[in-house]
Every structure is written in structure tokens, then in C-alpha cells.
Amino acid sequence: MAQPPPASTTPVTHTPTTTATPTPTTTAAPTPPPTSRSRNPNPPAPPSNRIRDCFDGDCTLLLAKPATIPLDAGKFHYSSLRVTAISADSLAISVRYRQGGGAQSSIGPGLGGASFGFRGSPSIEVGLTQVGGKPALVLQPGAVT
Numbered sequence: 001m002a003q004p005p006p007a008s009t010t011p012v013t014h015t016p017t018t019t020a021t022p023t024p025t026t027t028a029a030p031t032p033p034p035t036s037r038s039r040n041p042n043p044p045a046p047p048s049n050r051i052r053d054c055f056d057g058d059c060t061l062l063l064a065k066p067a068t069i070p071l072d073a074g075k076f077h078y079s080s081l082r083v084t085a086i087s088a089d090s091l092a093i094s095v096r097y098r099q100g101g102g103a104q105s106s107i108g109p110g111l112g113g114a115s116f117g118f119r120g121s122p123s124i125e126v127g128l129t130q131v132g133g134k135p136a137l138v139l140q141p142g143a144v145t
């Protein structure tokens, strides 16, 4: 019969092995800059309560109720813009055409939500913002249409 091998007198030590797993690093995606629907690179005009400040098509007008805004008809072709409703959430406007008829638009908050213009004249971009918690109409001259 075969004999088992003799027991070793040398102590056996076991060294635990650890495997280091690299910690994954994550890089947060950069936050995109705020966007505006406006194509106009110019900042809005300072806030005003005076309707006449909009005659040149460049104003931020605090409004609490509907109003007719006179415009420079020689420059823009249109003599006025009518704000038919305004609140913190929406703005409704109408423009009358010289030849008869007109256009209406309703927009939410933001700049450049609507625009109107006549061939060969600068357009006017229309927006809605808040100033001190109150709704404000924003007009900015745009490109020649």
C-alpha cells in the first residue's frame, strides 16, 4: 500500500492577493448656455413705463393692460402695434396693414417669439419678459425683410 507523503514541517503561509480596480471618473457634461429664440444679438432696451419709448422699435415696456404702441411708419412701414392682452405667461399682439387686413400673434415668455416686417423695411422682433415680477413687452429692430 502506498503511504501518503510525509507532512511538511515547513509552515505554509498564504498572502492574500488584492486586485485594485481603477475607480471610474466621470466628467459632467458642460451646462449649455441659456437659449433665447431671438436672433437679435443686441440686449433688450432698459425697462420703461413710457409708450413713446417704443417708437423706434427698441424698448422693454412695462404693461398692465392692452395698449396701442405708435411706431415709426417711415422706418417700419407700420404705424402701430396693438397689445391686445398681456400677462406673465402670454402676450397677444395685432398689427394692421396699410392696405387693409392685418396679423395677430400670441406668444409665451422669451425674446423674439414673434416678428413682423414689410418687404424692404426692418422687421420688429416681439418678446415677453418680466421686470420686477411684472410683465413687459420687448421690441427689438430686426433685419431688413
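Under full-length UniProt numbering, the sequence shown has 129 at position 129, and the numbering climbs by one with no breaks. Ideal Cβ positions, reconstructed from N, Cα and C, are used throughout, including at glycine.
Does the distance from the C-beta atom of residue i to that of residue j stay below 9 Å?
i	j	result
G113	L91	yes
P135	I86	yes
A88	P109	yes
With distances taken from CA atoms, which of the options is nearest residue i?
i	options	result
residue 146	D56, Y78 and L63	The question about residue 146 has no answer, for the chain in this structure spans 1 to 145.
T68	I51, T145 and D58	I51
S115	Q140, G102 and R96	Q140
T129	G102, A103, L61 and T84	L61
Could you pull the start and end residues of the alpha helix (DSSP H) that residue i belongs to?
i	result
A136	Taken as a continuous stretch (DSSP letters only), A136 belongs to no alpha helix (DSSP H), being part of the beta strand (DSSP E) at K134 to V144.
F73	One point to set straight first is that residue 73 is Ala, not Phe, in the sequence displayed. Where A73 is concerned, the enclosing alpha helix (DSSP H) stretches over A73 to F76.
What are the start and end residues of the beta strand (DSSP E) that includes residue i?
i	result
F116	G110 to F116
G102	G102 to I107
A67	A67 to P70
S94	L91 to R96
A85	S80 to I86
G127	P122 to V131
L61	C59 to L62
Suppose the cutoff is 8 Å on Cβ atoms and the five residues either side in sequence are ignored; what does the same chain contact list for residue i look like?
i	result
L71	C54, F55, G57, Y78, S79, S80, L81 and I124
V126	L81, L91, I93, S105, I107, G112, G113, A114, S115, F116, L137, V138 and L139
Q99	none
R119	T145
If I measure Cβ to Cβ from residue i and keep anything under 7 Å in the same chain, skipping five residues before and after, which residues do I get?
i	result
A45	D58, C59 and T60
V95	Y78, L81, G102, A103 and F116
P47	T60, L62, V131 and A136
A73	S79
N42	Q140
F76	G57, S121, P122 and I124
Looking only at its own chain, which residues have a Cβ that is under 6 Å from the Cβ of residue i, when we skip the five neighbours before and after it?
i	result
A28	With a pLDDT of 39 at A28, under the threshold of 50, the predicted position of this residue should be treated as unreliable, and no value is reported.
V144	P122
N49	L62
T84	P66, A92 and S94
Y97	none
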